[in-house]
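In the numbering used here, the protein residues as written are 3 to 590.
Where is the CB? At the ideal position from N, CA and C, for every residue including glycine.
Here the structure is laid out as structure tokens; the discussion comes afterwards.
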Ligand SMILES: Cc1cc2nc3c(=O)[nH]c(=O)nc-3n(C[C@H](O)[C@H](O)[C@H](O)COP(=O)(O)OP(=O)(O)OC[C@H]3O[C@@H](n4cnc5c(N)ncnc54)[C@H](O)[C@@H]3O)c2cc1C
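Pasting the structure below:
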């Protein structure tokens with residue numbers, strides 16, 4: 003037994019943050035990740051979790067104390083202490099790539115139940131992509147997953163079921179809009195059981211496919227909860243309650259993330275949902291409160307609004323989808339502002355109390371208290387890095403539970419890799435998959451690195467919002483010079499024909515080289531359209547290349563070409579003031 007000081011982690015620019023609540027007492031036994039203390043600044047509240055399981059030996063603070071990064075909060079008695087150093091950065095020092103033929107660092111135990119040359123922990127879009135790529139490169143792979151069904155969050159309770167429901171929401175919205183063009187439909191009748199079943203069938207087609215592909219590639223799948231017990235050893239607790247030990251030469255940690263819980267919210271009440279609960283579609287609540295105006299919250303709001311709920315959104319930041327440029331969010335804010343019961347920005351949920359007649363919510367500022375039939379908490383996701391016993395393998399896990407990696411996805415321990423949500427970066431499926439390919443290729447001895455010029459982000463809302471590479475907001479923060487050209491979709495025939503005239507396509511280019519730096523699109527299919535500027539960015543193309551590429555007419559993809567023509571001064575689909583001025587000058 004040893005003691006572990008739980009310190010205040012990196013909390014950004016905040017100092018002297020008051021302790022709002024102490025959730026444990028001396029002598030309490032806590033599990034890894036159990037919240038210990040709640041800090042509350044005027045902008046946000048934050049739970050400080052136990053880095054590992056133990057017993058509370060001492061509490062170093064009282065409610066109301068002001069603390070800053072590094073302040074001691076709680077002393078835990080633990081079996082093995084993890085160094086909690088809030089000053090450590092997110093990227094560990096570069097380490098040498100091992101040849102796959104060379105013995106891995108650490109001693110491979112010979113008495114394990116199973117040996118894996120490559121072990122993958124987790125079967126989400128990071129884990130299965132890594133496992134399959136490694137198998138395709140001729141490596142022997144074991145994949146451990148705690149659930150019986152492969153696919154992780156994305157396939158089971160994330161990207162895919164949400165997009166299936168968003169498709170239905172889109173059909174309902176388009177039928178509504180058709181009324182204004184002389185084609186009216188009756189109010190839709192929603193058969194929730196059938197809708198749920200259809201959503202499930204989409205998911206199971208994909209997850210079943212994964213199972214078959216794993217079999218086809220001879221990737222051995224072991225079901226159970228995995229925990230590191232040494233640098234080359236995992237123990238897996240199977241659903242039958244048995245423990246299987248697996249030794250490995252290389253391991254790829256792809257354990258993903260989970261929803262953040264808010265202090266003061268009765269999460270045990272079945273009417274309080276996270277995104278997984280919301281996707282279950284238990285009913286269509288008359289009054290739904292969505293806490294969090296980010297991508298996941300707004301996508302679920304889009305679904306429930308289309309199905310008939312009166313939706314209220316509350317967001318702590320002063321705008322929706324905080325990562326996106328404001329001009330891209332505007333058309334979305336305008337549409338939902340006119341449909342939803344309310345959108346409260348710059349507002350915090352102070353409390354939610356469960357009562358028989360509903361969930362009573364109070365808010366900061368002068369936002370009136372209100373009662374809801376259901377509450378969806380969608381305030382972000384936290385990585386699963388702190389609950390894997392990685393300290394037993396000597397792997398550094400940061401204070402938020404991320405496992406820092408270098409550009410080859412290696413942790414500080416040579417033969418241990420981390421990918422996807424657990425490794426940080428944008429918590430997106432396509433980033434996890436790209437990570438997975440790199441890790442597998444590095445293990446196979448390839449000279450692979452993760453160095454994308456841009457990773458697209460998409461909100462599949464109505465309208466969709468998408469961006470890639472540099473945003474104007476980032477450019478301002480990092481003082482990056484850029485030139486911008488914006489094509490309004492009100493001048494696109496195709497956009498007008500599909501009720502998308504509010505859309506916008508924006509390109510950012512380097513003022514000196516003309517190269518694409520970033521792009522943003524809002525409008526129908528923005529998520530698909532963003533691939534083209536993303537490709538241009540990755541290829542180091544000039545914005546002029548996008549303008550000189552002939553695009554089919556009439557398509558929404560033309561708006562990318564037209565935005566490029568604005569930058570080049572060759573646009574003929576809009577008044578061209580630059581050209582007109584030049585012509586006038588030439589005549590004079
Ligand atoms: C509602 C919702 C919608 C989303 N929509 C999109 C979208 O449209 N596009 C997009 O790009 N991203 C989306 N995301 C994010 C996306 O789902 C994640 O970025 C992605 O799943 C991360 O993949 P991963 O492989 O890192 O981890 P995960 O998919 O989280 O998979 C990790 C796996 O590891 C397993 N695991 C964890 N710990 C253990 C353990 N100890 N033992 C055994 N197994 C373990 C888990 O059971 C899980 O199956 C969405 C997320 C949510 C919640």
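Per DSSP, residue 535 is one residue of the alpha helix (DSSP H) stretching across 533–541. Under DSSP, the beta-bridge partners assigned to residue 250 are 118.
In this structure, DSSP gives residue 376 an extended state, which the three-state scheme calls strand. Secondary structure note for residue 231: its beta strand (DSSP E) is the uninterrupted segment 227–232. In the three-state scheme derived from DSSP, where H, G and I count as helix and E and B as strand, residue 312 is classed as strand. Between ligand 1 and the CB of residue 133, the shortest heavy atom gap is not smaller than 7 Å. Distance check between residue 198 and each of 168, 56, 185 places 168 closest, using alpha-carbon atoms only. Rounded to whole angstroms, the Cβ separation of residue 571 and residue 581 is 6 Å, and the two are in contact under 8 Å.
Here the distance from the Cβ of residue 530 to the nearest heavy atom of ligand 1 is not below 7 Å. The three-state secondary structure of residue 72, taken from DSSP, is coil. DSSP places residue 416 in the coil class of the three-state scheme, outside both helix and strand. DSSP lists 507 as the beta-bridge partner residues of residue 489. Considering only 565, 224, 590, the residue with the shortest C-alpha distance to residue 245 is 224. Distance from residue 264 to residue 351 at the Cβ level is roughly 7 Å; contact confirmed, criterion being Cβ atoms closer than 8 Å. For residue 134, there is no enclosing beta strand (DSSP E); the residue is found in the alpha helix (DSSP H) stretching over 127–138. Ranking 484, 432, 256 by CA distance to the CA of residue 161 puts 432 first.
Nearest C-alpha to residue 214 among 130, 291, 177: 130. Taking residue 192 as the centre and dropping the five residues before and after it, the same chain places the C-beta of 286, 309, 310 closer than 8 Å to its C-beta, in chain order.
Only residues of its own chain outside the window of five on either side were considered, and among them 102, 119, 120, 442, 445, 446 have a CB closer than 8 Å to the CB of residue 141, listed in chain order.
Shortest Cα-Cα distance from residue 401 to any of 496, 388, 550, 528 involves 388. Within the DSSP secondary-structure output, residue 469 pairs in a beta bridge with 459, 522. Proximity of the beta carbon of residue 390 to ligand 1 is indicated: a heavy atom of the ligand is located closer than 7 Å. With a cutoff of 7 Å, residue 568 does not count as near ligand 1, since its C-beta is closer than that to no heavy atom of the ligand. Residue 508 counts as buried, since at least 16 other C-beta atoms from the protein chains shown sit within 10 angstroms of its C-beta. Judged by DSSP in its simplified three-state form, residue 27 adopts coil rather than helix or strand.
One thing to note: residue 393 has its Cβ no nearer than 8 Å to the Cβ of residue 454. Residue 473 and residue 533 have their C-alpha atoms spaced approximately 16 Å apart. Remark: C-beta atoms of residue 261 and residue 423 do not approach each other more closely than 8 Å. The count of Cβ pairs closer than 8 Å, one atom from the region 369–383 and one from the region 277–294, reaches three, so the stretches are in contact. The beta carbon of residue 220 is closer than 7 Å to those of 137 in its chain, skipping five residues each way along the sequence. By the beta-carbon neighbour count (other beta carbons within 10 angstroms, threshold 16), residue 576 is exposed. The beta carbon of residue 492 sits closer than 6 Å to those of 503, all from its chain and outside the five residues before and after it, given in chain order. DSSP, reduced to helix, strand and coil, places residue 528 within a helical segment of the structure shown. In this structure, residue 454 has its CB at a distance of at least 7 Å from all heavy atoms of ligand 1.
Per the Cβ contact rule, the region 359–366 is not in contact with the region 198–208 (fewer than 3 Cβ pairs under 8 Å).
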